[in-house]
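A.B. asks:
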Amino acid sequence: MKIVHTIKDLQAELSVLKAQGKKVGLVPTMGALHAGHASLVKRSVSENDVTVVSIFVNPTQFNDKNDLEKYPRTVEADCQLLEECKATFAFVPSVEEMYPEPDTRKFSYAPLDTVMEGAFRPGHFNGVCQIVSKLFDAVTPDRAYFGEKDFQQLAIIREMVRQMKYNLEIVGCPIVREADGLALSSRNKRLSAQERENALNISRTLFESRNFAASHTVSETQKMVEEAISNAPGLRLEYFEIVDGNTLQKIADWKDTSYAVGCITVFCGEVRLIDNIKYEL
Ligand code: PAF
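Here the sequence shown stands for residues 63 to 343, numbered as in this note's numbering.
The structure is reproduced here in structure tokens:
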């Protein structure tokens, strides 16, 4: 695997391979890679001739400076994992490389980006779209891979691709969980042993809510999750919404959609964790 730091060098490498007709997969990441990222990389490696994995902690998507500073940075270990997953290139640019000048572009995909994360993290999805579009422009991949854990992000990126007419396929990949149910996240590295134990109540509650939903209404299921998280030690619920998985708008009745998804964000100590579950009713 080659480690490349500039767009120019990456494009020089890719142009030779593309001229040979090779298909390119892109896996955008912010590093601190775990088995969830590895699943995206392995999927890309299995579906494309060339896999580019970007590692870039994108400052424009952090509305909280403290979160940006504390975001784990583990580039050496990341590159080792990517080597094991047989990625072709690790693209590790500097902030100056990706933002030689401030990016003043505005991306707006209402109502997808005004609810949930969009409401609680103003500007977050604008920053995500800024960097993802820059990566799409730099790599011009055939396919790009994103995890379903960031459910709203995936929906917004699909919409951006549709509206901007990018000629690529977005591949959404399932959430990877620890054996005990905790959804893998780079932020889990910041949890103490006790906090990690507390955090288990998030996935546990979501799984329980799936059984509960089979014999209860949307609002009863909503209430059940809210109460379970409020009563769990060390957790603070930011939001839980049961939405249509395509429009991301709240549903009032299970009959409103065939694709109901519960999206949750919870603070565990100082660490903000997100998770989601599909209701198959
Ligand atoms: O999901 C992430 O890790 C980031 O939001 C992404 C897509 C790599 C953009 O910085």
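Quick reminder that beta carbons are idealized off the backbone N, C-alpha and C, glycines included.
Small disclaimer: the values here were computed from a predicted structure and weren't measured.
For the alpha helix (DSSP H) holding Asn128, just list the boundary residues, first then last.
C.D. replies: The residue labelled residue 128 in the question sits at position 66 within the sequence shown. Here the alpha helix (DSSP H) through Asn128 covers Lys127 to Lys132.
A.B. asks: In angstroms, rounded to a whole number, what distance separates the CA positions of Thr267 and Asn293?
C.D. replies: As a first step, residue 267 is located in the sequence shown; it is residue number 205 there, counting from the start. As a first step, residue 293 is located in the sequence shown; it is residue number 231 there, counting from the start. Going by the C-alpha atoms only, they are around 11 Å apart.
A.B. asks: Give a yes or no on whether the C-beta atoms belonging to Gly98 and Ala245 are separated by under 9 Å.
C.D. replies: Here residue 98 is taken as the residue at index 36 of the sequence shown, counted from 1. Here residue 245 is taken as the residue at index 183 of the sequence shown, counted from 1. Cβ atoms of Gly98 and Ala245: closer than 9 Å.
A.B. asks: Using a threshold of 9 Å, state whether the C-beta atoms of Pro134 and Arg252 are closer than that.
C.D. replies: Residue numbering aside, residue 134 sits at position 72 when the sequence shown is read from its first letter. Residue numbering aside, residue 252 sits at position 190 when the sequence shown is read from its first letter. Going by C-beta atoms, Pro134 is nearer than 9 Å to Arg252.
A.B. asks: Would you kindly check if the distance between the Cβ of Leu88 and the Cβ of Val115 is under 9 Å?
C.D. replies: The residue given as residue 115 occupies position 53 in the sequence shown. The residue given as residue 88 occupies position 26 in the sequence shown. Yes, the pair counts as a contact, with Cβ atoms nearer than the cut-off.
A.B. asks: Which value, in whole angstroms, describes the spacing of the CA atoms of Leu72 and Met178?
C.D. replies: Taking the first residue of the sequence shown as 1, we reach residue 72 at position 10. Taking the first residue of the sequence shown as 1, we reach residue 178 at position 116. Approximately 35 Å, taken between the alpha carbons.
A.B. asks: Do the segment 317 to 324 and the segment 171 to 185 touch if we need at least three Cβ pairs shorter than 8 Å?
C.D. replies: Not touching, per the Cβ criterion.
A.B. asks: Listed in chain order, which residues are found with a beta carbon closer than 6 Å to a heavy atom of the ligand PAF?
C.D. replies: After applying the 6 Å Cβ criterion, the set is Pro90, Thr91, Met92, Asn120, Gln123, Val190, Ile193, Val194, Asp212 and Gln215.
A.B. asks: For Leu299, which three-state DSSP category applies?
C.D. replies: Residue 299 sits at position 237 when you count from the first residue of the sequence shown. Strand, per DSSP.
A.B. asks: Looking at C-alpha atoms only, which residue of Ala314, Val333, Lys340 and Met286 is the closest neighbour of Cys325?
C.D. replies: Walking along the sequence shown from the start, residue 325 turns up at place 263. The option with the nearest alpha carbon to Cys325 is Lys340.
A.B. asks: Grab the span of the alpha helix (DSSP H) containing Asn260 for me, first residue to last.
C.D. replies: In the sequence shown, counting from the first residue as 1, residue 260 sits at position 198. Looking at the DSSP string, the run of the alpha helix (DSSP H) that includes Asn260 is Ala255 to Ala275.
A.B. asks: How close, in whole Å, do the beta carbons of Ala200 and Ile232 come, if the pair is a contact with beta carbons under 8 Å?
C.D. replies: The residue given as residue 200 occupies position 138 in the sequence shown. The residue given as residue 232 occupies position 170 in the sequence shown. The pair is not a contact, with the Cβ atoms about 17 Å apart (cut-off 8 Å).
A.B. asks: Per DSSP, Leu174 is paired with what?
C.D. replies: Working through the sequence shown from its first residue, we reach residue 174 at position 112. Per DSSP, none; premise fails for Leu174.
A.B. asks: For Cys347, does the three-state DSSP call read helix, strand or coil?
C.D. replies: Because the chain here runs from 63 to 343, residue 347 falls outside it and cannot be looked at.
A.B. asks: Report the start-end ranges of each alpha helix (DSSP H) in the segment 66 to 104 that is 4 residues or longer and not cut off at the edges.
C.D. replies: Whole alpha helix (DSSP H) segments, 4+ residues: 69 to 81.
A.B. asks: What residue does the alpha helix (DSSP H) around Ser195 start on, and which one ends it?
C.D. replies: Along the sequence shown, read from residue 1 onward, the residue named residue 195 stands at position 133. Unbroken alpha helix (DSSP H) run through Ser195: His186 to Val201.
A.B. asks: Taking 8 Å as the threshold, find out whether the segment 156 to 170 comes into contact with the segment 115 to 132 through three or more Cβ pairs.
C.D. replies: Contact holds: three or more Cβ-Cβ distances are below 8 Å.
A.B. asks: Arg249 by DSSP, collapsed to three states: which one?
C.D. replies: On the sequence shown, residue 249 is found 187 positions in, with the first residue counted as 1. It is helical.
A.B. asks: Can you give me the Cβ contacts of Lys211 inside the same chain, cut-off strictly under 6 Å, excluding the 5 residues immediately before and after it?
C.D. replies: Position 149 of the sequence shown, counted from the first residue, corresponds to residue 211. Around Lys211: Ile237 and Ala245.
A.B. asks: Could you compute how far the alpha carbon of Ser277 sits from the alpha carbon of Tyr301?
C.D. replies: The residue you call residue 277 lines up with position 215 of the sequence shown. The residue you call residue 301 lines up with position 239 of the sequence shown. Near 23 Å, if we compare the C-alpha coordinates of Tyr301 and Ser277.
A.B. asks: Assign Thr91 to one of two classes, buried (16 or more other C-beta atoms within 10 Å of its C-beta) or exposed (fewer than that).
C.D. replies: Taking the first residue of the sequence shown as 1, we reach residue 91 at position 29. Buried.
A.B. asks: Of the residues Ala152, Gly307, Lys64 and Gln192, which one's Cα is nearest the Cα of Gln214?
C.D. replies: Here residue 214 refers to the residue found at position 152 of the sequence shown. The shortest Cα separation from Gln214 among Ala152, Gly307, Lys64 and Gln192 belongs to Gly307.
A.B. asks: Is it a yes or a no for the segment 190 to 198 touching the segment 216 to 223, going by three-plus beta-carbon pairs under 8 Å?
C.D. replies: Yes: the two stretches touch, three or more of their Cβ pairs being nearer than 8 Å.
A.B. asks: If you drop the 5 nearest sequence neighbours on each side, which residues of the same chain put their C-beta closer than 8 Å to that of Gln137?
C.D. replies: Counted from its first residue, the sequence shown places residue 137 at position 75. Note on identity: in this sequence residue 137 is Val, with Gln being the wrong assignment. Only Gly93, Ile117 and Val154 meet the Cβ criterion.
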